[in-house]
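In the working numbering, the protein residues as written are 1 to 219.
Positions of the beta carbon are idealized from the N, C-alpha and C atoms, including for glycine.
Owing to the predicted nature of the structure, the values given are computational and were not obtained by experimental measurement.
Working notes, beginning with the structure itself.
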């Protein structure tokens with residue numbers, strides 16, 4: 001059995017195909033196990049259903065094969081191992097279904113003949129048409145799922161950019177405030193220096209009130 005699904009960054013889309021494959025795989029296994037107990041029309045219907053499930057599994061294998069090329073190399077080893085297991089499983093299902101389909105006596109029951117009647121041919125054509133329609137519907141749904149994932153990713157990216165822009169504005173505002181504060185400090189220092197020059201050092205009184213100011217600083 002394959003390992004649990006990855007949650008590593010870069011494997012999200014592959015994992016979504018993988019989850020779909022496992023659902024189809026379980027359904028296909030159940031159908032193949034039921035076929036040997038059937039005969040006649042029920043067997044033909046079960047074979048057609050199994051064939052459609054197998055085609056869907058094949059499509060998902062193709063999607064995973066394409067997507068795994070985009071997975072980061074750090075996660076690709078585990079993904080490749082699971083992918084090979086899935087391919088091997090699908091090959092086994094094909095052989096089993098081929099063997100069940102070749103058992104024409106079980107398929108047609110008492111009506112078995114080397115020359116199928118026209119009604120059998122029409123039924124087969126109808127089943128092929130239904131199979132093609134089902135495949136188209138499933139492919140359309142997968143495309144919708146992929147588009148939804150792409151839209152979600154784009155929305156997350158836009159939100160992240162907006163957050164970064166807000167943070168940049170906060171940093172810029174803080175920088176402007178610091179520069180303005182430095183200007184205030186410089187002006188305060190100059191003011192204090194000017195005030196200090198107007199006081200008498202010996203008695204620490206203002207020059208206008210100090211009797212020693214004239215004597216100390218007139219020279």
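Three-way DSSP call (helix, strand, coil) for residue i in this model
i	result
residue 175	helix
residue 42	helix
residue 61	helix
residue 71	coil
residue 10	coil
residue 186	helix
residue 91	helix
Residue i versus residue j: straight-line alpha-carbon distance, rounded
i	j	result
residue 180	residue 151	44 Å
residue 20	residue 68	15 Å
residue 115	residue 50	Only weak support exists for where residue 115 lies, its pLDDT of 47 falling under 50; the coordinates are left without a value.
residue 144	residue 43	34 Å
residue 27	residue 79	23 Å
residue 133	residue 157	36 Å
residue 47	residue 29	12 Å
Nearest-angstrom Cβ-Cβ length linking residue i and residue j, presumed shorter than 8 Å
i	j	result
residue 90	residue 56	Their Cβ separation, rounded to whole angstroms, is 11 Å, which puts residue 90 and residue 56 out of contact at 8 Å.
residue 220	residue 94	Because the chain here runs from 1 to 219, residue 220 falls outside it and cannot be looked at.
residue 60	residue 146	Wrong, their Cβ atoms sit about 13 Å apart, outside the cutoff.
residue 75	residue 153	Not confirmed; about 18 Å, so no contact.
Classification of residue i by the beta-carbon crowding that lies within 10 angstroms, buried from 16 upward
i	result
residue 140	exposed
residue 164	exposed
residue 192	exposed
residue 63	buried
residue 190	exposed
residue 17	buried
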